[in-house]
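In what follows, a structure is listed as structure tokens, so that the remarks can point back to it.
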Amino acid sequence: MRIRSATRDELPLLREIEWAAGECFRAVGMPEIADDEPLSVTELARYLDTGTALVVVDADDRPVAYLIAVPVDGALHVEQVSVHPAHARRGLGRALIDHLAAHTEAAALTLTTFADVPWNAPYYERCGFRPLAAAEVTPGLREIRRQEAAHGLDRWPRLCMRRDLHRLPADGPAPAEPPVS
């Protein structure tokens, strides 16, 4: 497994991955999500230019999973993580998230997701994300949720999640405190 940045000519492949990955929503009574049009190549291209577009590639250097993210309110917001079903259940989604976490200067990763779909909120909790209370939802996340609601995604319960990224100060860890007598 190798993770790298996506290229412009691979963007149609990301759409194919999204179509294939979306099929599993039919099994949980969400055919509208399975039928939802993936982002266009033009929309995906903005992640190459202003955000992050990572892929996991197979032995032939062909993408089999992807993640796209953009900065939102001091965090890096994960817009989409998709794994082609032929490569599912191998830790590729988690590897993409962990790679992003290890290579960003942001203080946190955020995302919005379906609360009750097993491979959404429960999965992201296992990846270190936690649900945000209403008071913790930033203005940028509120705008994302507003757009999702306008797109009809609020038909099913959704929530905002955050994974704090604990960083050491630039000069290394703080010295240990002397023991208290």
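Numbering (my numbering), first residue to last: 1 to 181. Even for Gly, the Cβ is constructed at its ideal location relative to N, Cα and C. Every value quoted in this text rests on a predicted model; they were computed, and no experiment measured them.
(message) Given this structure, state the Cα-to-Cα distance separating Phe114 from Trp156, to the nearest angstrom.
(response) Their backbone Cα atoms lie some 7 Å apart in a straight line.
(request) Give me the Cα-Cα distance between Leu100 and Asp36, rounded to the nearest whole angstrom. (result) When only Cα atoms are considered, Leu100 and Asp36 end up about 26 Å apart.
(request) Taking 8 Å as the threshold, find out whether the segment 4–13 comes into contact with the segment 35–50 through three or more Cβ pairs. (result) Verdict: yes, contact present.
(request) Take Asp58 and list the residues in its own chain whose beta-carbon comes closer than 6 Å to its own, dropping the five residues that flank it on each side. (result) Spatial neighbours of Asp58 in its own chain (CB-CB distance under 6 Å, excluding positions within 5 residues in sequence) are listed in chain order as Val64.
(request) Less than 8 Å between the CB atoms is what I'm expecting for Val117 and Val41, so what's the real figure, rounded? (result) In fact, because the Cβ distance is near 27 Å, the residues do not count as touching under 8 Å.
(message) According to DSSP, simplified to helix, strand and coil, what is Phe182?
(response) There is no way to answer for residue 182, as the model of the chain reaches only from 1 to 181.
(message) The alpha helix (DSSP H) that contains His99, what's its start and end?
(response) Here the alpha helix (DSSP H) through His99 covers Leu92 to Ala102.
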